[in-house]
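Visitor: Numbering (our numbering), first residue to last: 61 to 392. Glycine residues also receive a C-beta, built at the ideal position from the N, C-alpha and C atoms. Every value quoted in this text rests on a predicted model; they were computed, and no experiment measured them.
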């Protein structure tokens, strides 16, 4: 199913769920994006009717309870609506920690450029009677961030469209242009990669999103290619990236009895009156900082300065996002 048709079907469902009365085909055409046409043009109107019939059949195949009827005995033309009682979700019993996990996941996808999907998912859960407290996750941040190239590359992989972008590698002074048929975007060891077919090199390649310079440009028509059947994107990235060399050492102060995950990771632990000093091996200060901020006030970085500064920068970004949310909430 094409993206355009999918969006039209979603809009049709929203339209028919938003009213309790039956809507005629003409009313739907005037309301739902994607059905625009000239009703006085016979060929244009016939094309709309074929499209509408296909969409109705598609919804019924998907299990959407589409009803046909009239608003009154004086209506000559039948209308359509969705039966709320049959379409409603059943009760979804979630424990408080499960509801909190839903909130964290939604905030992750908001960071990933998918805020609309996150908001839609939370709205459906609230409609089903699930109490998702937005304040319950203010002290928690998902430890996954994305690069600017994430959204255009995931869209291109979904639509099967070729992309081009400038890519920087450590051993070269200037970026080079790459043309790729993306198969998918995956996260490996805290970093995002796109895997696909490099058109200029006629070979499978993967690219770290943080090394993409500037804008990602999509070209061609959707559905122009198909990835190999059964391709394992994660395995390909793992083979390409090789083992991570954790040659750095960071010293953090952990509160007594806290940060169990860091304690398992530590190569040295020294107990003191103000807490336990943990020595952690690391490869990249930013990646380590992203891991440490998840422990909140239970952990404080002592050394080296670049890791401490990276943590401080992460915390400033979190505080700025919370300030923006508070301002937006006050505006409402």
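For residue 333, decide whether its Cβ has a neighbour in chain C, counting only Cβ atoms nearer than 9 Å.
Guide: Among the chains of the structure shown, chain C does not appear; only one protein chain is present.
Visitor: Should the segment 281–298 be called in touch with the segment 335–343, which here means at least 3 C-beta pairs below 8 Å?
Guide: Contact fails: fewer than three Cβ-Cβ distances are below 8 Å.
Visitor: Taking the continuous alpha helix (DSSP H) assigned at residue 267, which residues delimit it?
Guide: Note, residue 267: premise wrong, no alpha helix (DSSP H); beta strand (DSSP E) at 263–268.
Visitor: Helix, strand or coil: how does DSSP classify residue 251 here?
Guide: In this structure, residue 251 counts as strand in the three-state DSSP scheme.
Visitor: By the three-class DSSP mapping on this structure, what secondary structure does residue 365 have?
Guide: Correct three-state label for residue 365: helix.
Visitor: Under a three-way DSSP split, which group does residue 344 fall into?
Guide: Reduced to three states, the DSSP call for residue 344 is coil.
Visitor: Starting from the C-beta of residue 297, find all residues in its chain whose C-beta is less than 7 Å away, skip the five residues before and the five after it, and write them out in chain order.
Guide: Only 246, 248, 253, 255, 266 meet the Cβ criterion.
Visitor: Would you decide whether residue 260 is buried or exposed? Buried here means 16 or more other CB atoms lie within 10 Å of its CB.
Guide: Classification for residue 260: exposed.
Visitor: For residue 329, does the count of other Cβ atoms within 10 angstroms reach 16, so buried, or fall short, so exposed?
Guide: Its Cβ having fewer than 16 others within 10 Å, residue 329 is exposed.
Visitor: Cutting at 7 Å between CB atoms, please list the residues of its own chain near residue 284, excluding the five before and the five after it.
Guide: Within the same chain, residue 284 has close Cβ partners 220, 221, 222.
Visitor: Should residue 273 go down as buried or exposed, given a rule of 16 or more other Cβ atoms within 10 Å for buried?
Guide: Exposed, because fewer than 16 other Cβ atoms sit within 10 Å of the Cβ of residue 273.
Visitor: Run the CB neighbour count on residue 336, radius 10 Å, all protein chains shown included, and call it buried at 16 or more, exposed below.
Guide: Buried, since its Cβ has 16 or more Cβ neighbours within 10 Å.
Visitor: Nearest-angstrom Cα distance between residue 208 and residue 244?
Guide: Looking at the two C-alpha atoms, the distance is approximately 16 Å.
Visitor: According to DSSP, simplified to helix, strand and coil, what is residue 371?
Guide: In the structure shown, residue 371 sits in a helix (DSSP, three-state: H, G or I).
Visitor: DSSP state of residue 275, grouped into three classes?
Guide: Reduced to three states, the DSSP call for residue 275 is strand.
Visitor: Going along the chain, which residues of its own chain have a beta-carbon closer than 7 Å to the beta-carbon of residue 228, five neighbours each way excluded?
Guide: Answer for residue 228: 235, 271, 273, listed in chain order.
Visitor: Among the residues of its own chain, which have a CB less than 8 Å from the CB of residue 142, if the five just before and after it don't count?
Guide: Contacts found: 73, 76, 77, 124, 125, 126, 127.
Visitor: Using C-beta distances below 7 Å, list every residue in its chain close to residue 241, excluding the 5 sequence neighbours before and after it, in chain order.
Guide: Excluding residues within five positions, the ones whose Cβ falls inside 7 Å are 222, 256, 257, 259, 285.
Visitor: Can you tell which of 357, 316, 107 has its C-alpha closest to the C-alpha of residue 333?
Guide: Residue 316 is the option with its Cα nearest to residue 333.
Visitor: Using DSSP bridges, identify the partner residues of residue 351.
Guide: None; residue 351 has no bridge partner.
Visitor: Using the DSSP secondary-structure output, state which residues sit across from residue 142 in a beta bridge.
Guide: Looking at the DSSP assignment, residue 142 forms a beta bridge with 126.
Visitor: Name, in chain order, the residues that DSSP records as bridge partners for residue 241.
Guide: Bridge partners of residue 241: 257.
Visitor: If you run the structure through DSSP and keep just helix, strand and coil, what is residue 321?
Guide: Residue state, collapsed to three classes: helix.
Visitor: When the Cα of residue 129 is compared with those of 138, 351, 370, which residue comes out closest?
Guide: Ranking 138, 351, 370 by Cα distance to residue 129 puts 138 first.
Visitor: For the putative contact between residue 318 and residue 358, defined by C-beta atoms under 8 Å, what is the C-beta separation to the nearest angstrom?
Guide: Going by Cβ atoms, the distance from residue 318 to residue 358 rounds to 4 Å, so yes, they are a contact pair.
Visitor: Can you tell me where the beta strand (DSSP E) with residue 309 in it begins and where it stops?
Guide: First-last of the beta strand (DSSP E) with residue 309: 308–314.
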